[in-house]
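This report refers to the structure that appears directly beneath it.
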Amino acid sequence: MSKIGYSFKIEDEDVVAKVTGRALRISPKWSIELAREVTGKKLTQAKDYLDDIIEQRRSLPLKRFKKGVAHRSDLVKTDAGRYPKKASQYFIELLESAEKNAEYKGLDVDKLYVKHVVAQRGPILRGFRSRAYGRASPSNTQTTHVQIILEER
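In this text, residue positions in the sequence shown follow this note's numbering: the first is 1, and each later residue adds one.
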């Protein structure tokens with residue numbers, strides 16, 4: 001198996017904690033939107049934000065994949081929004097894993113912020129559903145690769 005690199009050039013390895021999730025069974029569209037929103041926040045703020053999305057207290061503003069999406073009243077500067085629960089749960093798991101990596105490296109968890117998040121489409125898991133009269137329809141599952149880098153300020 002080949003070594004997987006990061007899509008971000010890291011200057012100082014001593015002050016960063018990294019985590020990657022490969023072929024996660026979450027929507028690439030919602031993962032890309034979540035990555036944009038979480039980048040730049042403090043670690044605690046990012047986890048609270050994702051918890052609010054799961055509990056439907058705050059909606060995720062959609063800026064790229066917003067065609068035909070209902071408007072949300074809690075949004076500012078944009079109208080379209082959703083509550084991607086499954087993707088948010090996976091992002092929380094990845095952030096907690098990165099936090100544990102930072103603790104292991106001896107970084108101060110209170111000073112961590114999300115330096116870089118990227119979500120990319122992964123391989124499509126091919127499948128099929130049996131239909132009437134011996135036919136079959138494709139039932140494919142999208143996957144997503146997610147990379148998160150936390151840095152100490």
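The beta carbon of each residue, even a glycine, is placed where N, CA and C say it ideally should be.
For clarity, every value in this text was computed on a predicted model and none was experimentally measured.
Query, Result
"Secondary structure of L95, DSSP reduced to three states", "helix"
"C-beta contact flag for Q147 and I124 at 8 angstroms", "no"
"Given R160 as reference, the closest of Y113, P84, D48 and G106 once Cα atoms are compared", "Outside the shown range of the chain (1 to 153) lies residue 160, about which nothing can therefore be said."
"P61 to E99 span [Cα, whole Å]", "26 angstroms"
"Start-to-end residues for the alpha helix (DSSP H) that takes in I53", "L43 to I54"
"Complete alpha helix (DSSP H) runs within the segment 74-138 (minimum length 4 residues, chain order)", "85-105"
"Residue span of the beta strand (DSSP E) that contains V16, given as start and end", "V16 to L24"
"Three CB pairs or more closer than 8 angstroms across the segment 95-109 and the segment 124-133", "no"
"Proximity to L112 [Cα-Cα], best of K66, A132, D79 and T44", "T44"
"Extent of the continuous beta strand (DSSP E) to which E152 belongs", "T144 to E152"
"For L175, the three-state DSSP class (helix, strand or coil)", "A query on residue 175 cannot be resolved here, the shown segment of the chain reaching from 1 to 153 and no further."
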